[in-house]
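Written below as structure tokens is the structure these notes are about.
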Amino acid sequence: MSVTSALSAGQEAKAGAGERLARLLRLDELHGVPLAKVDAVAALQHRVDRKYLIPVSSAARLVEQLAGTHHVLDIRGRRTTEYRSTYFDTAHLAAWRAHNQGRRRRWKVRTRLYAEDGICRMEVKTKDGRGATVKHAHRIEADAYGGLEAGTEAAAFVDRVLEAAGVDVRAADLAAAGEVCYRRAALADLEAGTRLTLDGLLACHRDGRTAALDDGYVLVETKGAARPAPADRGLLALGARPVPISKYVIGLSLLVPNLPDNNMRRLARTRFRTGPRSETPAARPERTLPA
3 MSVTSALSAG QEAKAGAGER LARLLRLDEL HGVPLAKVDA VAALQHRVDR KYLIPVSSAA
63 RLVEQLAGTH HVLDIRGRRT TEYRSTYFDT AHLAAWRAHN QGRRRRWKVR TRLYAEDGIC
123 RMEVKTKDGR GATVKHAHRI EADAYGGLEA GTEAAAFVDR VLEAAGVDVR AADLAAAGEV
183 CYRRAALADL EAGTRLTLDG LLACHRDGRT AALDDGYVLV ETKGAARPAP ADRGLLALGA
243 RPVPISKYVI GLSLLVPNLP DNNMRRLART RFRTGPRSET PAARPERTLP A
């Protein structure tokens, strides 16, 4: 079965989960904006990322505070999107180790699928000399999701980007190492040219097991310049603090036996649960969420 065919199975239930998450986050309080406008003023392929792991109720208060300055990405009336990302790494997990050890030349290679829209990209993320994130993307067919075939344009793209970044790894050294799935809402301040994302229903899959974020929490990422944006100040006012977290790194920390202990794993143990592989869990709006 092709990826595009497989995407149709269970889409109604997943769309319902996305709608419930949108209600919990109060996204209807924001004006919508199309993707083309967000890309025009806040694409931010070269940026500083700050991440916060906060209760859904706190995220909803943040959205309320930002309603006067931020728009929410709206795609044909949909305000959340299902993301699927397969990450590639070496046999010895060189990308995982580089991030875990905080090396200057950190990198990630992944295929990312925007599930409802059937759009797929090969992406490579690196760090510049000042620690800012630089993201490179190459459009591929949806049926190529999860693969990195030798001799393809995607493999050549990965090789070019890693070589230019001074990373001594090539596409031929890489294999699929884990899949991360979640639903994302994207907010943009069109005047300031900054944006933030809110990721819920987050789960990482590997070798028949899943590490899933507690569904009462979301991962918020602000994306902008070195100077903190209003969203960062709003998060600080809510008592949130930036955390050094990576979806891929935290997933493998919990799912791969005998990896070195690390601060990210200790954080994950308080908010993530592990078990046999499952799809991203549905939100439970009837639950009383933590303040």
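Our numbering puts the sequence shown at residues 3 to 293.
For every residue, glycine included, the Cβ atom is placed at its ideal position computed from N, Cα and C.
For M124, the beta-bridge partners assigned by DSSP are T113 and H140.
In its chain, beyond the 5 residues on either side, T113, R114, A139, H140, R141 and I142 have a beta carbon closer than 8 angstroms to the beta carbon of R123.
Distance from the CA of R268 to the CA of G202, rounded to the nearest whole angstrom, comes to 20 angstroms. With fewer than 16 other beta carbons inside 10 angstroms of its own, G210 counts as exposed. Taking C-beta separations shorter than 7 angstroms and ignoring five residues to either side along the sequence, the partners of L256 in its chain run A213, R267, A270, F274 and T276, following chain order. Residues V40, A44, H73 and R197 of the same chain have their beta carbon placed closer than 6 angstroms to that of A190, with the five preceding and five following residues left out of the count. Contact annotation: D91 and A179 have beta-carbon atoms nearer than 8 angstroms. Taking C-beta separations shorter than 6 angstroms and ignoring five residues to either side along the sequence, the partners of T199 in its chain run R186, A188 and E223, following chain order.
By the Cβ criterion, the segment 58-66 is not in contact with the segment 86-102, since fewer than three pairs of Cβ atoms, one from each stretch, lie closer than 8 angstroms.
Annotation for A157: L150, E151, A173 and A174 place their beta carbon closer than 8 angstroms to its own, counting only its chain and skipping 5 residues before and after. Cβ contact annotation for A205 (same chain, cutoff 6 angstroms, sequence separation greater than five): C183, T212, A214 and T282, in chain order.
The criterion of a C-beta distance shorter than 8 angstroms is satisfied by R80 and E118. Beta-bridge analysis with DSSP links D201 to R186 and L221.
The three-state secondary structure of P278, taken from DSSP, is strand. A direct Cα-to-Cα measurement between A134 and A242 gives close to 22 angstroms. Counted as a single uninterrupted DSSP element, the beta strand (DSSP E) harbouring Y89 occupies residues T83 to D91. With 16 or more other Cβ atoms from the protein chains shown falling within 10 Å of its own Cβ, L68 counts as buried. The Cβ-Cβ distance between L27 and L237 does not fall below 8 angstroms. V220 and D170 have their C-alpha atoms some 34 angstroms from each other. The beta carbon of Y116 sits closer than 8 angstroms to the beta carbons of T83, E84, Y85 and C122 from its chain, once the five residues preceding and following it are set aside; these are given in chain order.
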